[in-house]
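S.K.:
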Amino acid sequence: MPSNKARLYVALYVRGGAAKMPGEEDTYHWALLVGPKSDKADDEEKPATMAPMQMILIRILIGKIEHTDRLAQILQQIPIRQEQQGWNCVLWIKEALSVLQAATNVMGTSVLDWEAVRSAAMSYCQRKRDEHRFDGTTNVDTSRIPTFDLIQGKETIK
Numbered sequence: 100m101p102s103n104k105a106r107l108y109v110a111l112y113v114r115g116g117a118a119k120m121p122g123e124e125d126t127y128h129w130a131l132l133v134g135p136k137s138d139k140a141d142d143e144e145k146p147a148t149m150a151p152m153q154m155i156l157i158r159i160l161i162g163k164i165e166h167t168d169r170l171a172q173i174l175q176q177i178p179i180r181q182e183q184q185g186w187n188c189v190l191w192i193k194e195a196l197s198v199l200q201a202a203t204n205v206m207g208t209s210v211l212d213w214e215a216v217r218s219a220a221m222s223y224c225q226r227k228r229d230e231h232r233f234d235g236t237t238n239v240d241t242s243r244i245p246t247f248d249l250i251q252g253k254e255t256i257k
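Its first residue numbered 100, the sequence shown is counted upward by one per residue in the numbering used here.
1. Output needed for Y108: all residues of its chain with C-beta closer than 8 Å, excluding positions within five of it in sequence on either side, in chain order.
2. Between the alpha carbons of T208 and N103, how many angstroms are there, rounded?
3. If we call anything under 8 Å between Cβ atoms a contact, is N204 one with D125?
4. The alpha helix (DSSP H) spanning W129 covers which residue range?
5. May I ask you to report which of helix, strand or coil DSSP gives R114?
6. By a C-beta neighbour count over all protein chains shown, 10 Å radius and 16 as the cutoff for buried, is I164 buried or exposed?
7. Please list the segments of the beta strand (DSSP E) lying wholly inside the region 194–256, counting only runs of 3 or more residues, in order along the chain.
8. Quick one, are the C-beta atoms of Y127 and L156 less than 8 Å apart?
9. Assign R180 to one of three DSSP states: helix, strand, or coil.
10. Who are V189's beta bridge partners in DSSP?
11. L249 and V216: beta carbons closer than 8 Å?
Okay, structure coming up:
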């Protein structure tokens, strides 16, 4: 029977300013997203906002969620340390993955190792840049977010 569990993604967004981290991870804004197993397009009308939106570049599927309520509870307890010099969203994601690795009964099949996730996200985003996915010079479906499944090791949405 196919699994219909919600999925956990790491997403990279456009970010302004120069990178300060040695690995240049802070070239992007990093976030965790929870989404359905499949992103099937539908004909349903959806409300749109007039507020400015951050541009999502890519997402990496990192796991199947066993208990979304418990996941939310755990992530809400990870502090945002704005008063700490050098702290940023990248360090929050790194801490979140570490906490999730140690948690029980939250994640199903998943890849939560920071180095594996970081490497996959950075290289996949660079690959999409090299393919001119973000610069408007190629004809791509911009309504779909380029997605790499780290569990299966393959691209699922180009």
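Even for Gly, the Cβ is constructed at its ideal location relative to N, Cα and C.
For clarity, every value in this text was computed on a predicted model and none was experimentally measured.
M.R.: Straight from the coordinates:
1. The residue you call residue 108 lines up with position 9 of the sequence shown. So the qualifying residues of the chain are L131, L132, V133, G134, R158, I159, L160, I161 and T246.
2. One-based indexing of the sequence shown puts residue 208 at position 109. One-based indexing of the sequence shown puts residue 103 at position 4. T208 and N103 have their C-alpha atoms spaced approximately 13 Å apart.
3. Here the question's residue 204 lines up with position 105 in the sequence shown. Here the question's residue 125 lines up with position 26 in the sequence shown. Contact annotation: N204 and D125 have beta-carbon atoms that are not nearer than 8 Å.
4. The sequence position of residue 129 within the sequence shown is 30, counting from 1. That residue, W129, is in no alpha helix (DSSP H); its beta strand (DSSP E) goes Y127 to G134.
5. Working through the sequence shown from its first residue, we reach residue 114 at position 15. If DSSP states are grouped into helix, strand and coil, R114 belongs with coil.
6. Translated into the one-based positions of the sequence shown, residue 164 becomes position 65. That one is buried.
7. With a minimum length of 3 residues, the unbroken runs of beta strand (DSSP E) contained wholly in the region 194–256 fall at 206–209, 246–248 and 253–256.
8. Within the sequence shown, numbered from 1, the residue matching residue 127 stands at position 28. Within the sequence shown, numbered from 1, the residue matching residue 156 stands at position 57. Result yes, Cβ atoms of Y127 and L156 sit closer than 8 Å.
9. Sequence index remark: in the sequence shown, residue 180 carries index 81 (1-based). For R180, the secondary structure class from DSSP, reduced to helix, strand or coil, is coil.
10. By one-based count along the sequence shown, residue 189 stands at place 90. Looking at the DSSP assignment, V189 forms no beta bridge with any residue, so it has no partner.
11. One-based indexing of the sequence shown puts residue 249 at position 150. One-based indexing of the sequence shown puts residue 216 at position 117. Yes; because the gap between Cβ atoms is below 8 Å, this pair is in contact.
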